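Structure first, commentary second.
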Amino acid sequence: MPRLCETQRAFAEAVTEGWPQAVVTMIAPEASALRSVALYRRLIRNNYVQVLKITYPVLHRFVGEQYFGIVARGYIRRHPSTSGDLFTYGRHLSVFLHELQVSSLLVELARLEWACHEIHQAADSTPVSQEHIQAIASVDSSRVTVRFHEATRLLSFPIPVHRVWLALQPDAPADKVVDLPLPEEETSVVVTRVCGKVQVTPLAKPDYLMLEALSQGADLASVEWIAIESDLEFDFQRLWATVLNLSLISGFSVKETS
Amino acid sequence: MSFQFPAPIPAQAGIGLRSHHFREILEAPPPVAWMETHPENYFGEGGAPLRILERIRARYPLSFHGVGLSLGSTDPVDHAHLDKLKSLIDRFEPAFVSEHLSWCSVGGRFFNDLLPLPYTPESLDHVCSRIEEVQDALKRPLLIENITRYLTWRDSTVPEGEFMAKAAQRTGCGILLDLNNVYVNAVNFHLDPLDVLRAIPAQAVWEIHLAGFDRVGRWLVDTHGQVVYPEVWSLYQWAIDHFGPRPTLIEWDTNMPPLVVLVDQAKQAGAILGGCHAAAL
């Protein structure tokens, strides 16, 4: 009699590798063992394809059922699940697509969709208050850094994917036409959650660079200097309005003076 | 939000809570006695799902029905998973916490499906020790649910009903009796569904599940994508007469219909439960 762990390993080998030789000897002959294993293979695979469709609805809509199914099956073979929590399944799809050398639009759409997926359930935090903002205004800006909200992702793409992503939303009109070439200034976005709903907002390149520097721990004075160096007319009021409207930051830190 | 006491689940009919119905439920809370959900859907750290569950929990008794613990696996228990489950239990205080009598991982690889155990003394020892480990960690009894299977292990020597009854007796866990699964297995393997039910003591049955199945080739497959079939309603009537009224859930996971369909199914279950009350009086 095989030990329980041997039975489980033989079943796993049959389902994942398609090698049912070991497991069929363990299955009672009342039903075809090969048919049983084939049914499990199908149910397990379909479950993962369904999970990927839910996580990547725009990509699914963009490439269609058949192509998505081929990609998904390849992904499932390459990246087996390692958790009982399926929320984390599919995180490597953009890398997988990149390795397949498919259009970079698909790769970047997948990257944007994974960010949306993560932001949907990212930790809550209280937006910074007006009082706090006013208080920080009187502090030397070279001592001030900002803390970004957990539900914030800054993304930059080699191509402008935001407009394609927008046109393929479930509530977008089916006959919507996306003009090509896409505007090159739309290569950066910030993904946030506003009132519980994931929101993707395009950013001008200088805004993205400022926010990226802040998110990496640069102080406000350094970021202002970067902005002025690149554009003497850079409008900080507008950038702060964007930051506050989208609740991108959850607080400030003030470095001690030495 | 914290709840002083877990709201008990009455011996009435409830429905499975799925995100597909969130809006309908929040806008017009349906007349059902309780709701059940998969805790893994709320393992995220924040966002709308948790806030919605708080609002629903404030109105309905809740049950957690896990799918990812891999109770029968020979891998070590995933304590990260267990910790997330425990913190969700502490936050929402569900009246029941259930898992499947199955396995879904080996060698660190997950299949995220409900795979059958061989019903052997070795499996029974193994699964009982795992149930005890989980119950110790959660500091509460677990319910274990019978699954559908599409194979029979050659070395299974213990009948399914007896296996479940022994697991409940040895660990103090309850049984979540899925009657659709009992029926599907009986048809697929030419068994008498009552053999399973008769082997289970009434006091071990804490909850009942009802659902629909689909036919795939020669198999009936437990898809949770149809209304409850007449044959399963008959089995339910038998079970309620035999075990007495039990909290009963209408499960639906694929091919999601409007909420009213689930509510109607819950009313049908309620009529059978109510009939049993009347007979008892």
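So the sequences go chain by chain: Z and E.
Numbering-wise, the first sequence is residues 79 to 336 according to the numbering used here.
Numbering-wise, the second sequence is residues 651 to 931 according to the numbering used here.
Glycine included, every Cβ here is placed at the ideal spot set by N, Cα and C.
Computed from a predicted model, the values in this text were never measured in an experiment.
Do E/C823 and E/L792 have their beta-carbon atoms positioned less than 8 Å apart in this structure? yes
Where E/S773 falls, given that 16 or more other Cβ within 10 Å makes a residue buried: buried
Using 10 angstroms around the beta-carbon of Z/E191, count the other beta-carbons present and answer buried if the total reaches 16, otherwise exposed. buried
Z/C273: buried (16+ other C-beta within 10 angstroms of its C-beta) or exposed? exposed
Round the Cβ separation of E/H670 and E/V717 to the nearest angstrom and send it over; I've been treating them as touching at under 8 Å. Not really, about 17 Å apart at Cβ, beyond 8 Å.
Would a check of beta-carbon distances place Z/L164 closer than 8 Å to chain E? yes
Near-chain Z residues of the stretch 690-706 of chain E - C-beta to any C-beta below 7 Å: E690, F693, G694, E695, G696, G697, A698, P699 and R701
For the 8 Å Cβ check, are there 3 or more pairs between the stretch 690-710 of chain E and the stretch 756-770 of chain E? no
Count Cβ pairs between the stretch 673-689 of chain E and the stretch 235-252 of chain Z that sit closer than 8 Å; are there 3 or more? no
Taking only beta-carbon atoms, is Z/H198 less than 8 Å away from chain E? yes
Taking 8 Å as the CB-CB cut-off, is E/A928 touching chain Z? Caution applies to E/A928, whose pLDDT of 41 falls short of 50 and renders its modelled position unreliable; the model cannot decide the point.
Along chain A, which residues have their Cβ under 8 Å away from the Cβ of Z/G274? As a matter of chain content, chain A is missing from the structure shown, whose protein chains are Z and E.
Would you mind working out which of Z/A229, Z/P107 and Z/T94 sits nearest E/W803, comparing C-alpha positions? Z/P107
Assign E/E901 to one of three DSSP states: helix, strand, or coil. coil
Is there contact between the stretch 133-142 of chain Z and the stretch 886-896 of chain E, where contact requires at least three CB pairs shorter than 8 Å? no
What's the gap between the Cα of E/A730 and the Cα of E/H715? 18 Å
Extent of the continuous alpha helix (DSSP H) run through E/E686: Taken as a continuous stretch (DSSP letters only), E/E686 belongs to no alpha helix (DSSP H), being part of the beta strand (DSSP E) at M685 to T687.
At least one CB of chain E closer than 8 Å to the CB of Z/T85: is that the case? yes
Tell me which same chain residues have a C-beta within less than 6 Å of the C-beta of Z/L289, skipping the five on either side of it? L232
Less than 8 Å between CB atoms is the rule here; does E/H776 satisfy it with respect to chain Z? yes
For Z/P181, count the other beta carbons within 10 Å of its own beta carbon; 16 or more makes it buried, fewer makes it exposed. Which is it? Correcting the residue identity first, residue 181 of chain Z is Ser in this sequence and not Pro. The residue in question, Z/S181, is exposed, as its Cβ has fewer than 16 Cβ neighbours within 10 Å.
Consider the Cβ of Z/P158: report whether some Cβ of chain E lies at a distance smaller than 8 Å. yes
Taking the alpha-carbon of E/I890 as reference, which of E/E857, E/I739 and E/A849 has the nearest alpha-carbon? E/E857
contact_flag[the stretch 124-133 of chain Z, the stretch 150-166 of chain Z] where n(CB pairs < 8 Å) is 3 or more: yes
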